[in-house]
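Here the sequence shown stands for residues 1 to 202, where the numbers follow UniProt numbering.
Single-structure report; data block below.
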Amino acid sequence: MAENIHPIFDSTLTRASKEELLRQRAIVVWMVGLSGSGKSTLAKGLELALHQRGHLTQLLDGDNLRSGINNNLGFSDADRLENIRRSAETAKLFLNAGLVTICSLISPTAEIRNMAKNIIGEADFYEVYINAPFEVCAQRDVKGLYKKALNGEIKNFTGLDAPFEEPQNPDLEIRTDQEDYAVSLQKLLDAIVPRITFAALG
């Protein structure tokens with residue numbers, strides 16, 4: 001750390017005070033999976049459902065972040081790592097503000113996901129694997145990216161010529177190729193709501 005930087009983390013208003021004000025427990029829901037697996041759709045659905053239940057949330061979507069705070073990053077290994085580092089640090093700020101923070105990012109490797117978990121803190125990091133095989137995502141091709149990648153127009157495409165390492169022990173796995181949206185969303189809610197209920201605070 002630079003010698004002229006003096007963080008004041010230990011003297012600012014505490015996260016617990018903000019959680020008490022909001023009557024909720026903060027958490028980071030880190031949703032990972034291939035492009036087209038359903039991450040963004042489920043993240044938006046989760047945020048809306050929690051909002052309707054009276055929870056204050058913040059959704060951090062990979063494409064939104066890359067159009068703003070991460071707009072100077074490409075898709076090299078180093079840039080992918082930095083993309084997740086910045087995203088995790090941003091999520092941590094919202095976490096410390098007492099918000100339920102929903103992150104929708106491909107997060108292709110175990111190294112990247114472990115870095116995010118270490119930044120946010122294991123106790124507050126809830127990993128959800130939105131699992132749909134490459135072939136299913138390619139058939140959906142909601143953004144037209146798979147067609148371009150398979151035609152060689154996009155290089156370093158995750159799952160094709162850039163690796164995607166499946167999470168081995170996610171907190172929750174949702175198979176969007178095997179169940180419909182309503183079932184998937186309900187599974188998310190059943191997992192998250194008890195963890196953010198203020199009465200559960202010890």
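We put the beta carbon where it would ideally sit given N, CA and C, even for glycine.
Bounding residues of the beta strand (DSSP E) (the contiguous stretch that carries residue i)
i, result
"residue 27", "27–32"
"residue 175", "172–175"
"residue 59", "57–61"
"residue 164", "Per DSSP, residue 164 belongs to no beta strand (DSSP E) and is neither H nor E."
"residue 69", "No beta strand (DSSP E) holds residue 69; DSSP gives it neither H nor E."
"residue 156", "Residue 156 -> no beta strand (DSSP E), and no H or E assigned at all."
"residue 104", "100–104"
"residue 3", "Unbroken run through residue 3: none, as it is neither H nor E."
With 16 other Cβ atoms within 10 Å as the buried cut-off, status of residue i
i, result
"residue 203", "In the structure as shown, the chain begins at 1 and stops at 202. Residue 203 is therefore absent and cannot be evaluated."
"residue 200", "Per-residue confidence for residue 200 stands at a pLDDT of 46, beneath the threshold of 50, marking its modelled position as unreliable; the derived number appears in the next sentence. Exposed: under 16 other Cβ atoms inside 10 Å."
"residue 203", "What is shown of the chain runs 1 to 202, which leaves residue 203 out entirely."
"residue 245", "What the structure shows of the chain is the stretch from 1 to 202, and residue 245 is not part of that stretch, so it cannot be assessed."
"residue 169", "exposed"
"residue 43", "buried"
"residue 183", "exposed"
"residue 107", "buried"
"residue 48", "exposed"
"residue 121", "exposed"
"residue 198", "exposed"
"residue 186", "exposed"
"residue 16", "exposed"
"residue 159", "buried"
Integer-rounded CB distance, given that residue j should sit under 8 angstroms from residue i
i, j, result
"residue 171", "residue 132", "Not quite, the Cβ-Cβ distance comes to about 18 angstroms (not below 8 angstroms), so this is no contact."
"residue 58", "residue 196", "Not quite, the Cβ-Cβ distance comes to about 13 angstroms (not below 8 angstroms), so this is no contact."
"residue 69", "residue 112", "Not really, about 17 angstroms apart at Cβ, beyond 8 angstroms."
"residue 29", "residue 56", "Actually they are not in contact, since the Cβ atoms of residue 29 and residue 56 sit about 14 angstroms apart, beyond 8 angstroms."
"residue 87", "residue 73", "So it is not a contact: roughly 10 angstroms between Cβ atoms."
"residue 98", "residue 19", "4 angstroms"
Host alpha helix (DSSP H) of residue i (start-end)
i, result
"residue 142", "Segment: none, residue 142 is in no alpha helix (DSSP H) and carries neither H nor E."
"residue 112", "110–120"
"residue 41", "39–52"
"residue 196", "181–196"
"residue 75", "Premise fails: residue 75 is in no alpha helix (DSSP H) and is neither H nor E."
"residue 17", "15–22"
Best match in the options for proximity to residue i [C-alpha to C-alpha]
i, options, result
"residue 103", "91, 174, 181 and 142", "91"
"residue 13", "56, 41 and 96", "96"
"residue 224", "182, 3, 117 and 40", "Examination of residue 224 is not possible in this model, given that the chain is present from 1 through 202 alone."
"residue 189", "21, 51 and 71", "51"
"residue 194", "179, 174 and 27", "27"
"residue 156", "130, 75 and 122", "75"
"residue 31", "98, 126 and 15", "126"
Residue i CB to nearest heavy atom of the ligand GTP below 7 angstroms
i, result
"residue 141", "The ligand GTP is not among the ligands present in this structure, which contains no ligands whatsoever."
Check: When the Cβ atoms of the segment 67–82 are set against those of the segment 19–38, are three or more pairs found closer than 8 angstroms?
Finding: no
Notebook entry, point to check: Is the segment 85–99 touching the segment 130–149, taking contact as three or more C-beta pairs under 8 angstroms?
Noted result: no
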